[in-house]
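Here the protein sequences line up with chains A and B, keeping their order.
Residues in the first sequence are numbered from 1 upward in steps of one, following the working numbering.
Residues in the second sequence are numbered from 198 upward in steps of one, following the working numbering.
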Amino acid sequence: MAKTVVQEFTKGLWAEIPPFRLVLGLCPTLAMTKAVENGVGMGIAVTFVLVCSNVIISLLRNVIPKQVRIACFIVVIATFVTVVELVMQAFTYPLFLKLGIFIPLIVVNCILLGRAEAFAAKNGVIASFADGLGIGIGFTLALGTLATFREVLGNGTFYNIPVFGPSFKPFSFLVNAPGAFVCLGLMLCIMNMVGKK
Amino acid sequence: MREMLKLLVTVAVFSTFSGGLLAAVRIGTRDRIEYQKVKFVKGPTIKQILKGCSNDPLVDRFKILDGKNERNFYVGEFDGKRDVVAFESFGKGFGGDIGIMVAINLENDKIVGVGVTTHSESPGLGARAKTDPTFVTQFKGLPIKKEPFKVKADGGQIDALSGATVTSRGVCKTVSAATETYKRLKAQILKNLKS
């Protein structure tokens, strides 16, 4: 039954890639994939918080009493989110302005509490680290893919660099809110078709 | 009872640790965050009105306590002389508060430049106070006199933005208020510049 560390890591990249397979963490997935820069920035922030909180919670899993575990998990997650928020303000201020309210909202992201409750609270430190890193990178990849699709077709740019000639007319529908839902729906559809055996 | 106490203590210890950690991070990043805010929010306006200065006004700044408020002053060096200061003042516009950066030459008490930092004016009308440079450059070189700046319709010397009289009046009022602040604090500014 015991999986290897490598398996814990790689499951987050495909088999349990958060927004597409677990269908968790959809709020930032929808809102922050207008541009690749935002999507990847959000993904990295979530990965950092996920790895840190997974490690700490796994270390303390025998100390935390069952009745107050959720409160303790949230305190740990909220602390790291605030750290990320301050560090982003100090070093990448323009990105901080773009992500805005969605940085503090990482606290209530289901992926984080989900991994803490379902994995870190029951497994060792190394496995939890691998799990956090895998899920985090999977989340970043998912946001990156969706953002690439939306930014390239919806705005005609990739990472703010124009990819098509000046004659290209962007499908601005895709960078608006309804476009986010359509893109996510199509992506889920593709993932389900590929995954079916 | 013992069980309850244990739960309480655990949560309290967790919260204390996280509070301590956050305080440490906050203190560690405070100066950098302040610099970043200055750079990205006020930086472009300061650079614009202190064009041609030979130093970095964002680094060369000092604070003066004015009543209860702390004011930031940005120093501009021209021809080897540190005699221009820029500072921000706030006034009422049409859609809310307008933040205006005013640069004044201490030697001859003339306005070096005026620029809008933050505003919530109507796009295409009042927002031109920030985007259309011909409006704010009217203040350039005006001496600070006793009477406040006014738009021409009110018997002053500033051409109002067409369709945005309230904004134009707001800007004039704010610039006038800034000159009042300057007069009040001039002695302190000079002292800070020398040190």
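Using N, Cα and C, we set each Cβ at its ideal position, and we do this for glycine too.
Bear in mind the structure is a predicted one, so any value in this text is a computation, not a measurement.
At a beta-carbon threshold of 8 Å, the residues of chain B lying near A/C72 are T207, V208 and F211, ordered along the chain. Contact residues of the segment 105 to 138 of chain A toward chain B are absent (C-beta to C-beta distance below 9 Å). Residue state for B/P330 is assigned as helix, using DSSP reduced to three classes. Between A/P178 and chain B, the shortest Cβ-Cβ separation is not below 7 Å. At a Cβ-Cβ threshold of 7 Å, A/P18 and A/F102 do not count as neighbours. Residue B/D294 holds the alpha-carbon nearest to the alpha-carbon of B/R366 among B/Y379, B/D294 and B/G310. For the C-beta of B/L204, the chain A residues within less than 8 Å are, from N- to C-terminus, P65, Q67 and V68. Per the coordinates, the alpha-carbon of A/I135 lies some 10 Å from the alpha-carbon of A/S128.
In terms of Cβ geometry, B/T242 and B/M298 form a close pair [threshold 7 Å]. Secondary structure at A/R61: coil, using DSSP grouped into helix, strand and coil. With fewer than 16 other Cβ atoms from the protein chains shown falling within 10 Å of its own Cβ, B/T328 counts as exposed. In this structure, the straight-line span from the alpha carbon of A/M191 to that of B/I224 is close to 45 Å. For B/V348, there is no enclosing alpha helix (DSSP H), as DSSP marks it with neither H nor E. Less than 7 Å separates the beta-carbon of B/F270 from that of B/F284. Residue nearest to A/A31 within the set A/E8, A/L184, A/C189 and A/L188 is A/L184 (criterion: CA-CA distance). Listed along chain A are V75, V76, A78 and T79, each with a C-beta nearer than 8 Å to that of B/S215.
For A/L86, a Cβ of chain B is located within less than 7 Å of the residue's own Cβ. Contact check for A/V83 against B/V222 passes: the beta carbons are separated by less than 7 Å. Here B/Y232 carries a helix assignment [DSSP, helix/strand/coil]. Contact between B/G310 and B/I246 holds: CB atoms are separated by about 3 Å, below the 8 Å threshold. Across the segment 28 to 61 of chain A, no CB contact with chain B closer than 7 Å is found for any residue.
Neighbours of B/V222 in chain A, taken as residues whose beta carbon is under 8 Å from its own, are T82, V83, L86 and V87 in chain order. For a Cβ distance threshold of 7 Å, residue set T226, R229, I230 and Q233 of chain B lies close to A/A90, ordered along the chain. Cα atoms of A/G195 and A/L146: separation of roughly 18 Å, rounded to the nearest angstrom. For B/L219, the nearest beta carbon of chain A is closer than 7 Å to its own beta carbon.
The distance from the Cβ of B/G273 to that of B/I308 is about 13 Å, inconsistent with a contact at the 8 Å cut-off. No Cβ of chain B is located within less than 7 Å of the beta carbon of A/Y159.
Burial state of A/Y159 is exposed, judged by a 10 Å Cβ sphere holding fewer than 16 other Cβ atoms. In the DSSP annotation of this structure, A/F96 is not part of any beta strand (DSSP E); the continuous alpha helix (DSSP H) holding it starts and ends at Y93 to L99. In this structure, DSSP gives B/Y271 an extended state, which the three-state scheme calls strand.
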